[in-house]
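The numbering of the sequence shown is our numbering, which starts it at 2 and goes up by one. To start, the structure under review is shown below, and the notes come after it.
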Amino acid sequence: FSLLPNNTSPTTFLNVMDYGAVGNGKTDDTQAFSKAWAKACGSSSPIVLNVPSNMSFLLNHITFQGPCKPTSITIQILGTILAPNEISAWKSDDKEHWMTFDSINSLTLNGSGQINGQGSSWWECREKNKCSEAPNAVAINNCNNTRINDLNFVDSPMMHIALNDCFGANISGITIMAPKDSPNTDGIHLEGTKQVRITNSTIGTGDDCISIGTQSSNINISHIFCGPGHGISVGSLGKDEESAVEEIFVSNCNFSDTMNGVRIKTWQGGSGFAKSIRFEHIVINSTDNPIIIDQYYCNDGHNCPNKTSAVKLSDVSFRDINGTSSKETAINLACSETVACTGIHLEHVHLTSATKSKQAASACKNAKGMSLDVIPPVECLD
Numbered sequence: 002f003s004l005l006p007n008n009t010s011p012t013t014f015l016n017v018m019d020y021g022a023v024g025n026g027k028t029d030d031t032q033a034f035s036k037a038w039a040k041a042c043g044s045s046s047p048i049v050l051n052v053p054s055n056m057s058f059l060l061n062h063i064t065f066q067g068p069c070k071p072t073s074i075t076i077q078i079l080g081t082i083l084a085p086n087e088i089s090a091w092k093s094d095d096k097e098h099w100m101t102f103d104s105i106n107s108l109t110l111n112g113s114g115q116i117n118g119q120g121s122s123w124w125e126c127r128e129k130n131k132c133s134e135a136p137n138a139v140a141i142n143n144c145n146n147t148r149i150n151d152l153n154f155v156d157s158p159m160m161h162i163a164l165n166d167c168f169g170a171n172i173s174g175i176t177i178m179a180p181k182d183s184p185n186t187d188g189i190h191l192e193g194t195k196q197v198r199i200t201n202s203t204i205g206t207g208d209d210c211i212s213i214g215t216q217s218s219n220i221n222i223s224h225i226f227c228g229p230g231h232g233i234s235v236g237s238l239g240k241d242e243e244s245a246v247e248e249i250f251v252s253n254c255n256f257s258d259t260m261n262g263v264r265i266k267t268w269q270g271g272s273g274f275a276k277s278i279r280f281e282h283i284v285i286n287s288t289d290n291p292i293i294i295d296q297y298y299c300n301d302g303h304n305c306p307n308k309t310s311a312v313k314l315s316d317v318s319f320r321d322i323n324g325t326s327s328k329e330t331a332i333n334l335a336c337s338e339t340v341a342c343t344g345i346h347l348e349h350v351h352l353t354s355a356t357k358s359k360q361a362a363s364a365c366k367n368a369k370g371m372s373l374d375v376i377p378p379v380e381c382l383d
């Protein structure tokens, strides 16, 4: 054997305090974080950038821009990172992003700290129709091999975590919390993202706990406690676009006090496909729509014209799903009139009404497939 030189550089440890951060929750620390990031991104060795505990760092709109030189960058968040608590304190024309990580490979965000979007002024503004947009808390764009572990996210103005056009992500042990009535505060949203694992996390928001958007594939979601919120959704897909979503596996999840359990939602008029989707070992507690396929999705509730083209749904299975429905229709398969859902498979599904005196029911439109041991029975499946 030969003794080759070890080319792995020792890790460099940086601290935002050394770049001028104050950490009192009132002074704007955006510039200090930008300086620390410039140092980290230009370093030749792997980086751990520390955001220390027992301190609060006020950050305005900021982009952590790559590509970077280190083989890996870890931002260890032990303290609290705060967004401005009033819209008037927002210093950027970009009202859609708070913290953006762009074109970085092997980025890790971890620690026991909190990322607090202080979103209530944005929610109020949007409820009054005075704001058409609000910032996502953390956007990860064009990144490969991303990890987000053990952090706490609260009260984002809009989505808490959005992964766009990424490859390879592992999210585990996180908590995401926002009020049940906060608008569009999805926990985790994926768009154009592949090879993702999301596990062992608790999410309760005013929108989807996890939503899987178009051009996403090989997504594995397990051991999620979801509620309140709108459940775990594939979609919405097909709004003026061609969709391609496949290899989605959701298992061992628990839903409580949610609008939906497991949902696939597509707009009329789309094209493309969503296929190879599995929902297994799910517990549902008092959810409005425990199992729902909705190919007539319309987010303003009306004003959506009927269209004949549709996203093609196929090879979708629901297995070992048990619990209670707070509305009468526990299983609703509303497939497109023109493009049937095929290969729909329900097995060992037991859903009863959360109201003891009532019976749960199912509804079915243009779905083809099979069912075995399903309560309430789904008549259009053989």
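Ideal Cβ placement from N, Cα and C applies to all residues, glycine included.
With DSSP as the reference, label residue i as helix, strand or coil.
i	result
residue 42	helix
residue 18	helix
residue 90	helix
residue 384	Nothing about residue 384 can be read from this structure; the chain reaches only from 2 to 383.
residue 267	strand
residue 113	coil
residue 140	strand
residue 96	coil
residue 308	coil
residue 36	helix
residue 191	strand
residue 72	coil
residue 262	strand
residue 150	strand
residue 313	strand
residue 201	strand
residue 51	strand
residue 156	coil
residue 11	coil
residue 133	coil
residue 230	strand
Starting from residue i, trace the alpha helix (DSSP H) both ways and give me its first and last residue.
i	result
residue 327	Segment: none, residue 327 is in no alpha helix (DSSP H) and carries neither H nor E.
residue 244	Not the alpha helix (DSSP H): residue 244 falls in the beta strand (DSSP E), residues 243-257.
residue 126	121-128
Can you tell me the Cα-Cα spacing of residue i and residue j, whole angstroms?
i	j	result
residue 274	residue 20	49 Å
residue 290	residue 50	43 Å
residue 39	residue 76	13 Å
residue 382	residue 364	11 Å
residue 183	residue 85	17 Å
residue 162	residue 241	24 Å
residue 99	residue 56	19 Å
residue 229	residue 118	18 Å
residue 154	residue 292	27 Å
residue 134	residue 333	32 Å
residue 64	residue 196	24 Å
residue 113	residue 82	12 Å
residue 249	residue 191	12 Å
residue 378	residue 262	18 Å
residue 88	residue 96	9 Å
residue 317	residue 342	9 Å
residue 299	residue 267	9 Å
residue 372	residue 346	6 Å
If I follow the unbroken beta strand (DSSP E) through residue i, where does it start and stop?
i	result
residue 63	63-66
residue 29	25-29
residue 234	233-238
residue 224	218-227
residue 164	162-165
residue 106	Looking at the DSSP string, residue 106 is not in any beta strand (DSSP E), and its letter there is neither H nor E.
residue 177	176-178
residue 169	168-173
residue 57	57-59
residue 83	81-83
residue 212	211-213
Taking Cβ positions only, does residue i come closer than 8 Å to chain C?
i	result
residue 355	Here chain C cannot be found, since the structure has a single protein chain.
Subject >> the region 308-316 touching the region 249-256, judged by at least three CB pairs closer than 8 Å >> reply: no
Original post:
Which ranges does the beta strand (DSSP E) cover as unbroken runs of at least 3 residues, wholly within the region 276-306, from first to last along the chain?
Top reply: 290-295
Original post:
Can we say the region 121-128 touches the region 138-146, given the rule of at least three CB pairs closer than 8 Å?
Top reply: At 8 Å Cβ cutoff, the stretches do not touch.
Subject >> Continuous beta strand (DSSP E) assignments of at least 3 residues falling wholly in the region 331-382 >> reply: 342-354, 362-366 and 368-376
Original post:
For the 8 Å Cβ check, are there 3 or more pairs between the region 350-360 and the region 315-335?
Top reply: The answer is yes - the region 315-335 touches the region 350-360, with three or more Cβ pairs under 8 Å.
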